[in-house]
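Protein chains: 2
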Amino acid sequence: MLSKKTKYGIKALTFLARREDQTPVQISEIAKAEHISIKFLESILLLLRHSGFLGAKKGKGGGYYLIKEPKDINMAKVYRILEGPIALLPCASHNFYEPCDDCNDETICAVRRLMMEVRDNTLMILENNTLADIAF
Amino acid sequence: MLSKKTKYGIKALTFLARREDQTPVQISEIAKAEHISIKFLESILLLLRHSGFLGAKKGKGGGYYLIKEPKDINMAKVYRILEGPIALLPCASHNFYEPCDDCNDETICAVRRLMMEVRDNTLMILENNTLADIAF
DNA sequence: CTATTACCCTATCGGTTTAGTAGGTTAGTT
DNA sequence: AACTAACCTACTAAACCGATAGGGTAATAG
Chain A
2 MLSKKTKYGI
12 KALTFLARRE
22 DQTPVQISEI
32 AKAEHISIKF
42 LESILLLLRH
52 SGFLGAKKGK
62 GGGYYLIKEP
72 KDINMAKVYR
82 ILEGPIALLP
92 CASHNFYEPC
102 DDCNDETICA
112 VRRLMMEVRD
122 NTLMILENNT
132 LADIAF
Chain B
2 MLSKKTKYGI
12 KALTFLARRE
22 DQTPVQISEI
32 AKAEHISIKF
42 LESILLLLRH
52 SGFLGAKKGK
62 GGGYYLIKEP
72 KDINMAKVYR
82 ILEGPIALLP
92 CASHNFYEPC
102 DDCNDETICA
112 VRRLMMEVRD
122 NTLMILENNT
132 LADIAF
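Taken in order, these protein sequences are the chains called A and B. Heads up, the first sequence is in my numbering, so the first residue is 2 and it goes up one at a time. Heads up, the second sequence is in my numbering, so the first residue is 2 and it goes up one at a time.
This is the structure in structure tokens:
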């Protein structure tokens, strides 16, 4: 199940992408429009800024803004930053691989086999979608 | 992320499917082979029995056994019983649909759009895989 | 220069879920 | 009748999630 963090993060990115001009938007404005707790959203936007998706301007008239074109924002990257691994099992993950401690031989593990198939497919979808694709 | 419940459940089904004869297998034997806590596995197997995948025999020489052919056990059904919804968001689910309380208009929600695409694809994979497909 | 604005950071907390544990009960087999 | 293994209920520790509180800091307008 997708965490609210990821859901809110993508919603915020979408909100910014759908604006005409790219002037900074206050956290409170996004929070109000998308019905998100201000403080929680704050931490999410901060993370997205640290990850290179957003820029921030301080002081009066400040706020957050997209630093890249929506069509250049890859949803797989966004997902990994916000949610973590795309795979449903650590042993089926590329970027976050970890062996199972209960598994005798992961090469014949049926669960892993199935979850890797799911993973490959989900990854493909996320890689092939940009923010522009889902926002417009 | 997949719960251990689901992981253990599928591992147990696989273990049973891979046996030559279909004589009952004790919980403790499966638990030992797959490194699963006996009591936890017990509750999982009970659930799988109530859901029509397993049969059980009591008393000496008793245990659990597959009630259907592995090729007739659909992984989407197994997943839904053990893990719950396939969709990553309730608003993107068929069998467990629930609207988001924070969403203004779900028809234009970018997150939902993306998650429905993921859902459709994951569902297809699970529907097209039987226990026989992943066990052998 | 200074007050304001709004981002930035740390800490905490209640609620829920997860995984595992304990102990006893019931029913079938030998 | 004795034994065995599934069945059922209840409980607990730990982890995680979402939210909240409160203050610090930097940039900007005037």
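All C-beta atoms, glycine included, are put in the ideal place defined by N, C-alpha and C. Keep in mind that this is a model prediction, so the values were computed, not measured.
- Counting along the chain, Y65(A) sits inside no alpha helix (DSSP H); it lies in the beta strand (DSSP E) bounded by residues G64 to L67.
- Contacts with chain B at 8 Å (Cβ-Cβ) do not include R81(A).
- In the three-state reduction of the DSSP assignment, G10(A) falls in the helix class.
- D102(B) and E21(B) have their C-alpha atoms roughly 51 Å apart.
- Straight across, the Cα-Cα distance linking K8(A) with Q23(B) is about 46 Å.
- R19(B) and A136(B) do touch by the CB rule: their CB atoms are close to 6 Å apart, below 8 Å.
- By the rule that beta-carbons nearer than 8 Å mark a contact, K6(B) does not touch chain A.
- Chain-ordered, the chain B residues with CB closer than 7 Å to the CB of V119(A) read T123 and I126.
- Among the CB atoms of chain B, none fall inside 8 Å of the CB of A32(A).
- Between the segment 69 to 85 of chain A and the segment 44 to 61 of chain A, the count of C-beta pairs closer than 8 Å reaches three or more; the two stretches touch.
- Separation of the CB atoms of A111(A) and T15(B) is rounded to 4 Å, and the pair is thereby assigned contact status at 8 Å.
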